[in-house]
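Protein sequences appear in the order of chains C and S. Here our numbering runs 788 ahead of the position in the first sequence, where the first position is 1. Here our numbering runs 788 ahead of the position in the second sequence, where the first position is 1.
Protein chains: 2
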Amino acid sequence: MMNDFVFQNRTKIYFGKDQLTHLGEEAAAFGKKVLLVYGGGSIKRIGLYDKVVDVLTKAGLTVSELGGVEPNPRHTTVNKGVKICREEGIDVILAVGGGSTIDASKVMAATVAAPTDDCWDLVIKKVESPRALPLMTVLTIAATGSEMNAGAVISNVDTKDKLPYFSPAVQPAVSFLDPTNTFSVPAYQTASGSVDIMAHVFDMVYFSRQPRMDMLYRVQDEVLKTIVTFAPIALKEPDNYEARANLMWASTWALNGFLAGGVSQMTSCHRMEHELSAVYDITHGHGLAILIPRWLKYVMNDDNAWQIKRLGTNVFGIDASLSDREGAEKAIEALSDFFFKTLGLDSRLSDLGIDDKHFRDMAENACKQLGGTLHGFIDLTPDDIVKIYEMCL
Amino acid sequence: MMNDFVFQNRTKIYFGKDQLTHLGEEAAAFGKKVLLVYGGGSIKRIGLYDKVVDVLTKAGLTVSELGGVEPNPRHTTVNKGVKICREEGIDVILAVGGGSTIDASKVMAATVAAPTDDCWDLVIKKVESPRALPLMTVLTIAATGSEMNAGAVISNVDTKDKLPYFSPAVQPAVSFLDPTNTFSVPAYQTASGSVDIMAHVFDMVYFSRQPRMDMLYRVQDEVLKTIVTFAPIALKEPDNYEARANLMWASTWALNGFLAGGVSQMTSCHRMEHELSAVYDITHGHGLAILIPRWLKYVMNDDNAWQIKRLGTNVFGIDASLSDREGAEKAIEALSDFFFKTLGLDSRLSDLGIDDKHFRDMAENACKQLGGTLHGFIDLTPDDIVKIYEMCL
């Protein structure tokens, strides 16, 4: 019987091309001083930075800023933001960017409300923070779903750790999702983001041993089909509003709890990929694309083959009359073709200059905080994970 | 290009069979005095009344009550509740029942916070109420979706009006969705509720001239397929948890904003049906079942036939190679078969003892508050509505 669950998601979403006008009134509801957090400067190139600052100042807000948040955001950068928030008495944080900028802002918001200067204390649970500064976001890439959930992932380059942080207090209060802000996302990031979206569905709910609600299983198929349909269009026509809008809302749905329905599990592929990104600083979605087909091959067995086959039949149109095993193999093939041919991502870790040098350490590390085993579709020990990494070479 | 939209839904959902234990702590967060609102007494027969009172009193709350809310809830009953709330200083209203009980409680909650004793003043917008008492619900039938939205429908038997009320303030704070509480719902109400769920999808988003997001259109198909799959199972096996759970979550999704994505329209069939229920006090979902296939036949044209055909191909498995018109006709046939054969509902208004005596008045009334025309999939004048009613005889 399916699991009981609690569902609540308070984030207010402004979706569409003419919504940024509401940013001023929403921010002003939290106070006078806003910290604008962003990444490498693409928001300046596309004119979004100017628009945001203009709307905020017209609404009477004082804008401080922290730029330069890294693609795998670092705890040291978060700590810089914490310092600014405290020194300037910031009332609300506005993250303008993708998952990295939003994640950094989340941990920043929680740390400001905690008795420490170092956000890493929260990440490793040395310090708890039940509160946080209010957070708003303006999303610029469809990928992580961070714009409508309470999770974040932060990297510590000193210890080479990349760890999740979760607190209901850091759920964004308001997020602005304008598909036109993703028109300029380069092909590589569009492809990687699309993989990340699919991986959230796979890792969180689709590939699970837990009983699930049929309706949500069907809806998961449709979210996956949305990516398979529109990611190739966005690659060919970066300014295609329909494609960008579908990818954007799908990315939010993939990780905002709508699809969960009581299925809750460790996210095997994500944990394995976080180790890759922590050690080699590669793009998360690309690492996932390389891992997922090998992981599926490795974990497939007689009990779960029907679920992998289901991906093939319901999402990639594979012949339903095949046996579970045959169908599952065809599904993995179709998924690989989608990642490596259609989306054009390199298919091997060696293509990214990664060898087996750190595989053992990474595998141990992925399991370290979870009692030695990654629980999921099937449980994985460090030995299993090393073998999966090796399949990716 | 698709419409911009704002999405937010704050309701906290406890879904599953062992969640009622949390009712006490959730209610206590709002105060000490709770008004328990319910309908005809089925909650006593299934033991739910005792369980609820037990949990509330153990959590230290004082329980007042108002039973006897009608299937088409009356403004006079709501006013009784308003009086109790004021006299006893109620802190939170707990609706235990279906859409009628929840709708009555919503308008009650808003009226208590308004400068009037008569809730009808709010319904006809003579008085505004931006606030409301907090509202919680324990749902006992999958149908209206009222457990997770801000709308209600109230009847005035004096004026024979059945009108909608909408206010963000009346959105339930917490709703308990336990599929086992619907095991005892009789076949007729299970069937009618299932039609209501499908009608919400049809009326709100599926049959619309507005541009829509492909992902959500696909998800709508799946919610409809969920009903087509599980309503017959629930009829045959009333205690089937999986069937009841899928119907329950589908009913919530059908009207909680998840599926909308910027499509917003008058709900033609619902407005036409509300007139039937107002005059003849029939079951809402049954009235909808009789109306919808005739309405589809009446509004079908060369521009929209593909949308009706889509229902046939994507939900009822009709041959995709048919022409739009042929496919649409087959779809209407399949839908009629589902309502009248599979669900076993009588197919004609005359089966319910309704003749054409009031058709003109009802048609005029349905359009009265909307400038003379029901806007929707196609716009309907009173003449159109009379013709559709006549097709239902």
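Note that beta-carbon positions come from the ideal geometry of N, C-alpha and C, so glycine has one too.
Item                                                                                                               : Value
DSSP beta-bridge partners of S943 (chain S)                                                                        : S:R862 and S:K950
A883 (chain S) - DSSP class collapsed to helix/strand/coil                                                         : strand
Three-state secondary structure assigned by DSSP to R872 (chain C)                                                 : Here residue 872 (chain C) is Ile; the residue named in the question, Arg, does not match the sequence. Looking at I872 (chain C) - three-state DSSP - the assignment turns out to be helix.
Under the three-state DSSP convention, the category M924 (chain S) falls into                                      : strand
Residues that W908 (chain S) contacts on chain C, provided the C-beta gap is smaller than 8 Å                      : Here the premise fails: no neighbours, minimum Cβ distance about 31 Å.
Under 7 Å from the C-beta of M789 (chain C): neighbouring residues of chain A                                      : This model lacks chain A altogether, as its protein chains are C and S.
Residues in the region 797-809 of chain S having any Cβ partner in chain C nearer than 8 Å                         : N797, R798, T799, K800, I801, Y802, F803, G804, K805, D806 and Q807
Neighbour flag for N1034 (chain C) against chain S, beta carbons, 8 Å                                              : yes
Test: W1094 (chain S) CB closer than 8 Å to a CB of chain C                                                        : no
Euclidean distance between Cα positions of T1161 (chain C) and T1169 (chain C)                                     : 5 Å
Per-residue contacts from T978 (chain S) into chain C (C-beta, under 7 Å)                                          : Under the 7 Å cutoff, chain C gives no residues; its nearest Cβ is about 17 Å from T978 (chain S).
Cβ pair E875 (chain C), M1003 (chain S) closer than 8 Å                                                            : no
H810 (chain S) beta carbon near the ligand HEM (any heavy atom closer than 7 Å)                                    : Of ligands this structure carries none, so the ligand HEM is not represented either.
When S:A816, S:R862, S:R1082 and S:I801 are compared against L849 (chain S), the one with the closest alpha-carbon : S:A816
Any chain C beta carbon closer than 8 Å to G1050 (chain S)                                                         : yes
Sheet register partners of S852 (chain C) (DSSP bridge)                                                            : C:L823
Sub-8 Å separation of S917 (chain S) and A940 (chain S) beta-carbons                                               : no
Segments assigned alpha helix (DSSP H), at least 4 residues, entirely inside the region 1031-1111 of chain C       : 1056-1068, 1072-1087 and 1093-1104
Residue span of the beta strand (DSSP E) that contains R798 (chain S), given as start and end                      : F793 to F803
CB contact check: E1010 (chain C) to chain S, cutoff 8 Å                                                           : yes
Alpha-carbon spacing of S955 (chain S) relative to F795 (chain S), whole angstroms                                 : 15 Å
Start and end residues, alpha helix (DSSP H) containing L965 (chain C)                                             : Where L965 (chain C) is concerned, there is no enclosing alpha helix (DSSP H), although the beta strand (DSSP E) it sits in stretches over V962 to L965.
Selection of the region 979-991 of chain C by Cβ proximity to chain S, strictly under 9 Å                          : none
Per DSSP, the bridge partner or partners of L1168 (chain C)                                                        : C:L1162
6 Å CB neighbourhood of E1121 (chain C) in its chain, flanking five on each side removed                           : none
Separation of V989 (chain S) from V851 (chain C), as counted between CA atoms                                      : 43 Å
Cβ shell of A898 (chain C) (< 7 Å), same chain only, five flanking positions each side left out                    : L910, S917, A920, S955, A957 and V958
DSSP state of N937 (chain S) mapped onto helix, strand, coil                                                       : coil
Cβ-Cβ distance between D1112 (chain C) and W1094 (chain C) below 8 Å                                               : yes
Cβ shell of L1140 (chain S) (< 6 Å), same chain only, five flanking positions each side left out                   : I1070
Chain S contact for M924 (chain C) (CB, 8 Å cutoff)                                                                : no
Proximity to N1153 (chain C) [Cα-Cα], best of C:L951, C:L923 and C:A1116                                           : C:L951
Cβ neighbours of Y1086 (chain S) in the same chain (closer than 8 Å, five flanking residues each side left out)    : D1172, K1175, I1176 and M1179
Buried versus exposed call for Q977 (chain C) [16 or more other C-beta atoms within 10 Å across all chains shown]  : buried
Of the listed residues C:A961, C:G1049, C:G887 and C:I801, nearest to F818 (chain C) (C-alpha basis)               : C:A961
Contact the region 1074-1082 of chain S vs the region 1134-1150 of chain S: 3+ CB pairs below 8 Å                  : yes
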